[in-house]
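In the working numbering, the protein residues as written are 6 to 385.
Each residue gets a CB set at the ideal place from its N, CA and C atoms; glycine is no exception.
Report on the following structure.
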Amino acid sequence: MIWKPGKNPADVTSYRPMSLLLTISEVLEKLILNKRNKESNPQTWIPNHQFGFRRAHSTIQQSHRIANTITNALNNKQYCTAAFVDIAQAFDKVWHPGLLYKIKRIFPINYYSLLKPYLSERFFDVKINEEISHRLPIHSGVPQGSLLSPLLYTLYSHDLPTTKETTIGTFAHGTAIFATHGNPTTASSHLQDHLILTEAWLNKWKIKVNESKSTQTTFPLRKGTCPTAQINHINMQPKEQVKYLGLTSDNKLNWRQHTIKKRKQMDQKKKRTHLAHRKKIPPHHGKQVANLQSSHQAYMDIRHRTLEQRQQIQHRHYTACPVQNTPIHHERTTVCIQPHPTDRSKNSLCNGSHPRKQHQVLQQTRKSLQPTSSTNTTTS
């Protein structure tokens, strides 16, 4: 059992169960995983909106895809309302009969014969100090820590409903649903229709939603807001900013709050660090700057002022070293932050799975970050 940071240590739900598997079991899982990847293309059953546990997919690309959806809505002067659905104990509450049904329907029958005892014939006990509890069977969940768990959960959630009026983004169990329209009521209605389909799917496959942690955020450029949507007949919490996949997005998508949080994190780390006597640039400074430059692909429409603030944060940490800034950047091969988001956005788009939107987003990226030029008239 691993304690979840920030949770109450006295609460049983504050601990994450981990499975300590035998070596022979890990070898078998690796063989099954390799054989499955060679036999068929995962694209045939993994939806395009799922970016978790997939080759050439990451949180950065999903964040860029979501930022692109919001940016297009703002550029078209539309309302974009998003629902961030929190799945409670996603890996621990996978319904075994439902998972076995999907394994039997999608995979060959020999996989069903192998994985049925792997899932159903499992037991657990808890040891505290010298006391050991009674051994009890495990009726739900996939073994956390195993190689097959990501594959099994992706298979279990592959048929999450989608609609033409909304855009959905998932990374493992993290789910975000976006609806855009010029009318805020219509946008919220499209979002509510998708949530109704999602509720029916969740109830069918015995997946529980944490309604208190599910939030709704509206991204407008005009006055007004979208009506509050409901999930399981409970109003979602409206918030002006939301954290998804490590990025804190506000309702204007200017990344100001994300920059403030990153600055506080780096300032706290700086207080715990000291310069070494023999090294001009300690390694921990490079790690902090790498932390600042994370998720740069999503900053396609970041404001120039926010870019300057991020550049100032980087210079503040490098000026703690007794060397000029330019040699520091050259020696550490650290790029300047201002042109960095555009270059990394291009790389993310080229490696992404949405080629139809690449040209449009690249044009928006160049236009938003193009410096303003002034013409000087000279008289002879």
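DSSP three-state assignment for residue i, whether helix, strand or coil
i      : result
Lys266 : helix
His186 : strand
Arg21  : strand
Trp206 : helix
Gln235 : strand
Lys212 : Here residue 212 is Ile; the residue named in the question, Lys, does not match the sequence. Note: Ile212 maps to coil in three-state DSSP.
Leu280 : Confidence at Leu280 is low in this model, with a pLDDT of 47, below 50, so the placement of that residue is unreliable and no value is reported for it.
Asp272 : helix
Leu27  : coil
Lys43  : helix
Arg60  : coil
Leu165 : coil
Ala295 : Residue confidence for Ala295 is low, a pLDDT of 49 falling below 50, so the modelled location carries little weight and cannot support an answer.
Leu226 : coil
Asp16  : coil
Leu160 : helix
Leu196 : helix
Leu38  : helix
Local Cβ density within 10 Å of residue i, reported as buried at 16 or more and exposed below that
i      : result
Pro102 : exposed
Arg110 : exposed
Thr270 : Residue 270 is actually Gln in this sequence, not Thr. Classification for Gln270: exposed.
Ala95  : buried
Val32  : exposed
Phe128 : exposed
Ala192 : buried
Trp260 : buried
Leu27  : exposed
Gly229 : exposed
Gln83  : buried
Arg60  : exposed
Leu119 : exposed
Ser254 : buried
His195 : buried
Ser138 : exposed
Lys292 : For Lys292, the predicted model reports a pLDDT of 49, less than 50, meaning its position is unreliable and no value from the coordinates is stated.
Ile51  : buried
Thr190 : exposed
Ile108 : buried
Thr49  : exposed
Leu25  : exposed
Gln55  : buried
Beta-bridge pairing of residue i - partner residues as DSSP gives them
i      : result
Tyr249 : Leu252
Ala181 : Phe89 and Gly174
Val32  : Its beta-bridge partners do not exist; DSSP assigns none.
Pro243 : Gln221
Ile7   : Arg21
Gly55  : Contrary to the premise, residue 55 reads as Gln rather than Gly in this sequence. Answer is Thr175.
Nearest-angstrom Cα separation, counted from residue j out to residue i
i      : j      : result
Asp16  : Thr64  : 30 Å
His134 : Val147 : The question names His, but residue 134 is Asn in the sequence shown. Cα to Cα, the separation comes out at about 27 Å.
Trp100 : Ile29  : 25 Å
Asn208 : Ile201 : 11 Å
Ser19  : Pro10  : 8 Å
Lys248 : Lys266 : 11 Å
Thr180 : His62  : 16 Å
Gln221 : Arg268 : 26 Å
Ile37  : Gly150 : 16 Å
Leu124 : Arg140 : 16 Å
Thr167 : Ser68  : 19 Å
Leu258 : Leu104 : 38 Å
Asn53  : Glu136 : 48 Å
Leu226 : Asn188 : 12 Å
Asn39  : Ala78  : 41 Å
Leu157 : Asn73  : 30 Å
Asn237 : Thr86  : 18 Å
Asn153 : Asn42  : Asn is not the amino acid found at residue 153; the sequence shown has Leu there. Between Leu153 and Asn42, the C-alpha separation is close to 12 Å.
Thr76  : Asn256 : 11 Å
His186 : Pro232 : 13 Å
Lys218 : Gln235 : 13 Å
Asp164 : Pro243 : 27 Å
Glu204 : Asp97  : 19 Å
Val214 : Ala177 : 15 Å
Lys35  : Asn115 : 16 Å
Glu4   : Ala184 : Nothing about residue 4 can be read from this structure; the chain reaches only from 6 to 385.
Met6   : Gln66  : 32 Å
Asn81  : Pro113 : 47 Å
Ser145 : Thr172 : 30 Å
Trp8   : Gly251 : 20 Å
Residue ranges of each alpha helix (DSSP H) run of no fewer than 4 residues wholly in the segment 70-157, ordered along the chain? 101-111 and 114-125
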